[in-house]
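Here is the structure we will look at, set down as structure tokens.
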Amino acid sequence: MLEKVMWKPPVLPVKDVSGDGRQFTSLTSAASQSKAQADGIARSLAAGKGIDQIVKEHPGWTREQVLAQLRAAGYEVKVTEPQAGETRVTQVRDPKNGRTVTEYSDFQHGTYYTAVKSPGGEEVSTPVRDGLGRKVTSHRDASTGAITTRYEDDLNLSDGTTVETTRLADGTMVTKTTQRSGATETEVTAPDGQRTKLAQDQKPTREGAQPILKKIADGKTIDEIVKEHPGWTREQVLAQLRAAGYEMKETTPTSNDTSGTTQVRDPHTGKVVASYSGNGLDGPYSSQLVNGDGDTITVTRDSQGKTTRKVVESNGRQTTTTTREVDGKTQKTVKVTFNGHTLTTGPDGKLALTDGEGNEVKIKPGTMLEGLARTLMAANPNSSDPAERKEGEIVKTFIEGVFAGERLPDLIGEARGLGEETQRMLAKYRDSHVAQPIKDKDKNIIDPIGLPPAGNAPSGGKWVPVKIQGQWKWVDPKVAQAMAAENVALSRVAETRAKVHRSQAQFDALALDPAYKGALADARRTINKALAPYGLQWSPPKPKGTLEEARQRLAGTETMLKNASGARSEYEQAARILNNAITRLSSLSVPLVAPPVTGPRVRTVGVNHALQDAQDEEARTRAVSLFSEVGLHMSSGDKLSLDYLVGLGEQNLAASKGTPQHKKLEAAVADLKQMQTAAGQQLELAEAYHNFYQARGDASALRVLGQKLLTEYDSKNQFLFEPNKKHSTYGGKYLGKFTGQEIEVRDGQAWVVNHFEEGTTEQQLTYAPDAKNVRGEYRDRALNKEWQTALKPNPSVCQNDPLQAELQAGKNLNTVLKQQIDGKIKILDGTIRDLQNRYDGALKEHGPGSAEAPAGMLPKGTQPVEVDVGGHKIKVAPEVASQYEKGGLEALAKGGKPVWIEIERDDGSRGTDGRWVDPELAVLRLRLSAAQTQRQGVSDLRSEVEGFRAWYTLRQQEPAPLVGTDPGLDKASLDHHQQLTLDAIYQPQYQAMLRSAQNDNGSDFEFHRVEGSTLEATVSRMLGLGGSSEGRKALKEATQEIRGIGDKVDVRVVPLFHVDETGGSQQIALLAVKGGDGKIWYIDAAGMKFESLKDFQDNNRQFGENGKLVVPAGLEMKAGADGKIALDVVKARNVSVQEKIVDPVVGLIGTVATVASFTEVLAPVAAPIALASGAYLGGRTYHMQEQYLSHGGDWGDSESLMNVGMMATVALPVGSSTLRTIGMAGKPLASGARMS
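Here numbering that gives the first Met the number 0 is used: the first residue of the sequence shown is 0, the next is one more, and so on.
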């Protein structure tokens, strides 16, 4: 305690002003008595007393007088006034010892502190003080936001009272005043200014509020709590809760049927810390309490008298106790959940331990497993206490390993039983059918599931596509579900085994870790304490190897467990989604995979077939998407399973070094890794397929909306479909007859585009919600709202709108497939090189054999047996044929007898001869041929996929209509993206034509000698001319022209595509005819002869100058080294100035003549003109109808009827100009949808 220095105040004034004008401060006589007094002031400053406090102790003194006294005693005084009214700094330095005392006065907060600095030392501060000199300390509670400030009179400047104020986040102020005697008084000031003094036994803390919270949770009201505490008031109880940082709400029941509620919550966290709702403890009620340890206790009682008490401890352990009265007896069930397990004790005392995946181990009461289970529930591997945490880790690791081992036998038995069930289902409902992938030209993908088997599955349901070991198969739904259940069971066995391995590896790592040495001893004592009642003891084995090696093993087992658990999860999801997919399939009113349209369909009149087809396609796609999702999860499960098995194999391989099993394990692991790579590719492909079908489902829904919008529009614009109606724009521009319409998407909105003979019109059908300049009722109609919702991106697919997402997903799918095909080709090329080298070596060793069977090979009178081996006919001895049936190709080699087979001629000429050769040579030849055939098939598939991928790229750049067909789309694509369009549309068709011809064991694209009576049949076949009168006439004119070239000619066909803005892409053909002089002529179906492509462009009368022709380069169908056919794009017709004038005139004459032919006077003259002009113009209509039907159109819908009607108003296609268009119409050149 500081000694007070008192001065007597006799007045001894000094001069106020010096002679040189300096200002002086008057000193009292006491203030100038001695330096000792100034030293006392300096000491008081150093102890923390402020200058203002010294002034207050000496009535009549001023601050300036104190500073003047210090200066008079030799002290150096420096005052720095605050710049912005914040802090004033006063320094007092003793020049003798260099010590400086500094006073810092904070005017903003009304506090100050002093600091002392000795020469060469650091500044040492005294506590912050307020204006009364009291020490001020402040603290903010981060969890509640409350700020507590304490004012303590440690310098005995007043009565020694300590005041502690706490300002809560809601503005409540709690003031606690403690007298020197120790007596306290607490006052709570609410945010509204209401003051309440608490009783002496009320504590304004959260600990002090706990008894009140418990009573509230027990169902007592505030008034009932007040009655239990004489001297308390309701306001004091509420103030105590408010002081503890809580808010309270209370309602009273308004009738016997309503409940009273009391709720106390922490406004800082929003959590309820105590609550009660009910009419008393005898009826239904619920309550909650967060006790002082942070445990949350919830109690509920239902109307049936069942009471549930749940305790969630701060460490996460949860104990749920359920009690109920049954037949006058109390039944209790206790569930404890902790450490990823739940221990359930039933009313009968039986126990069960369940892990996070639902695996259950039943425990007999009073056994070793019960002791371990309860010990597992008590261990705390997440404790904040390091020792408890480490012990808990070891205990949990050991016990989990024990229970995992306990589960294995039951899981293995369950898997075995489900496997037997799968076999029963297969036997009962027959085996699976391997899916035959098809080329889906509508979706531009390879559809992996193809068409289902005919009829229903044996159980009566529909055939289900499932992925089994990477291959799609069609199976009975009962079989599919049995297989899925078996997969789940097997994956659980693998996961549990992985847990056992992980547990052992984790224990090894902990046991070898020096930091866990003490914890291991503690864990051993804990475990043995649990085992002791059963006469058991745990003696941990000493792990092998080093800590680093153990940690590596642990890391490996952790990865294995992660893979096994992931596989189990994937198979479970596959099984769940499969059930959903089967349910949806059973309710699907259309086939899951649409069969190809082979011709016109007659359909019910009066039905909106376009809308129905769109809805069917969406339903079909959604169902296929579900099955593709099943396939994705199955593929993911397969990949993760193989990841697990590879990891397990590698660990076993490492442990088997130096043992006889090492080489076998090495080979097994190598096989597993090959399967792992294949599974990875299957997963990549499955993901691409699922993304595509999911995106297509969203796009299909948009197309349904497009059809609805078109139906809505057409219903209000029926004048478009009036027969023979001629249309004009509002401005009077002539449009002619309506020819078709489509829906386009522009900047996210739908537009209808109507096509007429002489132009188009368009109208916007949907508008953004905030669009201006549109009627509100039109913008707010249901269809528009549906459109805006449907066009939003699907986050699970990508961030594009549904149409762009579909295109990107299709492109990605074909990219993935192409990459995998490239990998397959690379492997096959290596296989073919190896087989070729081995074949050449065997040929050199054994020779080319002989045309006749070696003497003695066959017993007398015995004939060789012909055997088909993958499409190759071979002949072998009867006993070798029998061996082949049992053992395949290996049996041929082991038979030891020559084999007759077609091999290359040994004279170097082209072709093959049948020879009896060494069996090794024959087997190598068969394998080489099979690999080459497979390579060709994979290469052909690659070409298809490349075309599909190019198509998606093209449509991203040149979008197709949402609904309907734009006849000018192919022409626009060719104009803007020529090479991409060739790759996407025409190259695939040319390659398909070439493959089709080659598969027919000959090619119409190569010159064939034709003479005599075979000419008509050859020309008819090559040009696809049918038996109609037009076809017969075209055949006659073409054959006459060919005979004019020579009696013996070589003929081949040249396919071309004509592309324009009105007819789209039309396939035509020319015949290349080579006479005896070697000159090649080109003849069309009308019998006109051309010397070259340019001659055809200059002189054909079929096409206009705005069209283009896609032709094989040099008019020859030859594939390059990459399998592609070089294509050129040229103008369809080189039109002269005179022709530009004549053609429109011909059309005008024909129009007038057609009308005139109905009058008696002009009929004889006009009819021939109408026939000729009608043939010229009507041919285009024929092509429009043919093209429309080939894309799945119907004879019964409006567009088809419109085309048929137009064909009826003009002459049927006759005459030379239209016969050219018959061409290949009777024979589709790009066929073969099913892949072989």
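Cβ coordinates follow ideal geometry from the N, Cα and C atoms, glycine included.
Could you work out which residue in the options is closest to residue i when comparing CA atoms only?
i: residue 1239; options: 543, 521, 413; result: Residue 1239 cannot be examined here, being either before or after the span of the chain that is shown, 0 to 1235.
i: residue 778; options: 749, 435, 800, 480; result: 749
i: residue 1242; options: 968, 895, 1033, 941; result: With the chain represented from 0 up to 1235, any question about residue 1242 goes unanswered, as that position is not in the structure.
i: residue 678; options: 893, 632, 44; result: 632
i: residue 496; options: 664, 826, 699, 564; result: 564
i: residue 178; options: 196, 166, 157; result: 157
i: residue 868; options: 847, 890, 860; result: 890
i: residue 153; options: 236, 46, 611; result: 46
i: residue 706; options: 609, 838, 68; result: 609
i: residue 936; options: 1058, 994, 404; result: 994
i: residue 1034; options: 1017, 1045, 144; result: 1017
i: residue 856; options: 266, 721, 839, 874; result: 874
i: residue 552; options: 649, 975, 290, 427; result: 649
Between which two residues does the beta strand (DSSP E) holding residue i run?
i: residue 247; result: 246–250
i: residue 334; result: 328–337
i: residue 288; result: 284–289
i: residue 947; result: Here residue 947 belongs to no beta strand (DSSP E); instead the alpha helix (DSSP H) covers 918–956.
i: residue 311; result: 306–311
i: residue 719; result: Taken as a continuous stretch (DSSP letters only), residue 719 belongs to no beta strand (DSSP E), as it is neither H nor E.
i: residue 748; result: 748–755
Tell whether a beta-carbon distance below 8 angstroms holds between residue i and residue j.
i: residue 161; j: residue 173; result: no
i: residue 395; j: residue 375; result: yes
i: residue 1006; j: residue 1073; result: yes
i: residue 546; j: residue 537; result: no
i: residue 208; j: residue 275; result: no
i: residue 1050; j: residue 1068; result: no
i: residue 744; j: residue 802; result: yes
i: residue 488; j: residue 574; result: no
i: residue 218; j: residue 286; result: yes
i: residue 118; j: residue 97; result: yes
Over what stretch of residues does the alpha helix (DSSP H) that includes residue i continue unbroken?
i: residue 408; result: 385–428
i: residue 986; result: 986–998
i: residue 559; result: 546–585
i: residue 483; result: 476–511
i: residue 59; result: Per DSSP, residue 59 belongs to no alpha helix (DSSP H) and is neither H nor E.
i: residue 629; result: 608–654
i: residue 105; result: Taken as a continuous stretch (DSSP letters only), residue 105 belongs to no alpha helix (DSSP H), being part of the beta strand (DSSP E) at 99–105.
i: residue 42; result: 34–46
i: residue 827; result: 801–845
i: residue 784; result: 781–789
Any beta carbon from chain C within less than 8 angstroms of residue i's own beta carbon?
i: residue 620; result: Among the chains in the structure shown there is no chain C, since it carries only a single protein chain.
Counting pairs of beta carbons, one from the stretch 938–955 and one from the stretch 811–825, are three or more of them closer than 8 angstroms? With contact defined as three or more Cβ pairs closer than 8 angstroms, the stretch 938–955 and the stretch 811–825 are in contact.
Any 3 or more C-beta pairs closer than 8 angstroms across the stretch 913–928 and the stretch 895–903: Flag = yes, the stretch 913–928 and the stretch 895–903 touch.
For the stretch 432–468, list the beta strand (DSSP E) runs that are entirely contained and at least 3 residues long, ordered along the chain. You should have 437–439, 444–446, 463–467.
Are at least three pairs of beta-carbons, each pair with one atom in the stretch 694–702 and one in the stretch 712–723, less than 8 angstroms apart? Segments in contact, no.
Take every Cβ of the stretch 962–981, pair it with every Cβ of the stretch 739–757, and state whether three or more of those distances are shorter than 8 angstroms. A contact exists between the stretch 962–981 and the stretch 739–757.
What are the start and end residues of each continuous beta strand (DSSP E) run of 3 or more residues lying completely inside the stretch 1028–1073, in chain order? The qualifying runs are 1047–1059, 1063–1073.
Taking contact to mean at least 3 C-beta pairs separated by less than 8 angstroms, is the stretch 432–439 in contact with the stretch 469–478? Touching, yes.
Could you tell me whether the stretch 970–989 touches the stretch 1114–1132, where touching means 3 or more Cβ pairs closer than 8 angstroms? Yes, the stretch 970–989 is in contact with the stretch 1114–1132.
Three-pair Cβ contact test at 8 angstroms for the stretch 585–593 versus the stretch 517–531: Flag = no, the stretch 585–593 and the stretch 517–531 do not touch.
Suppose only complete runs of 4+ residues qualify. What are the alpha helix (DSSP H) ranges in the stretch 155–222, listed by chain order? The qualifying runs are 205–216.
Just checking, does the stretch 129–141 make contact with the stretch 58–70 on the three C-beta pairs under 8 angstroms criterion? In this structure the stretch 129–141 does not lie against the stretch 58–70, because fewer than three pairs of beta carbons, one per stretch, are closer than 8 angstroms.
Do the stretch 399–406 and the stretch 497–504 make contact, defined as three or more Cβ pairs closer than 8 angstroms? The stretch 399–406, when compared against the stretch 497–504, does touch it at the 8 angstroms Cβ threshold.
With three or more C-beta pairs closer than 8 angstroms as the rule, is the stretch 376–386 touching the stretch 334–354? Short answer: they touch.
Determine contact between the stretch 625–645 and the stretch 682–696, defined as no fewer than three beta-carbon pairs at a distance below 8 angstroms. Output reads yes: the stretch 682–696 touches the stretch 625–645.
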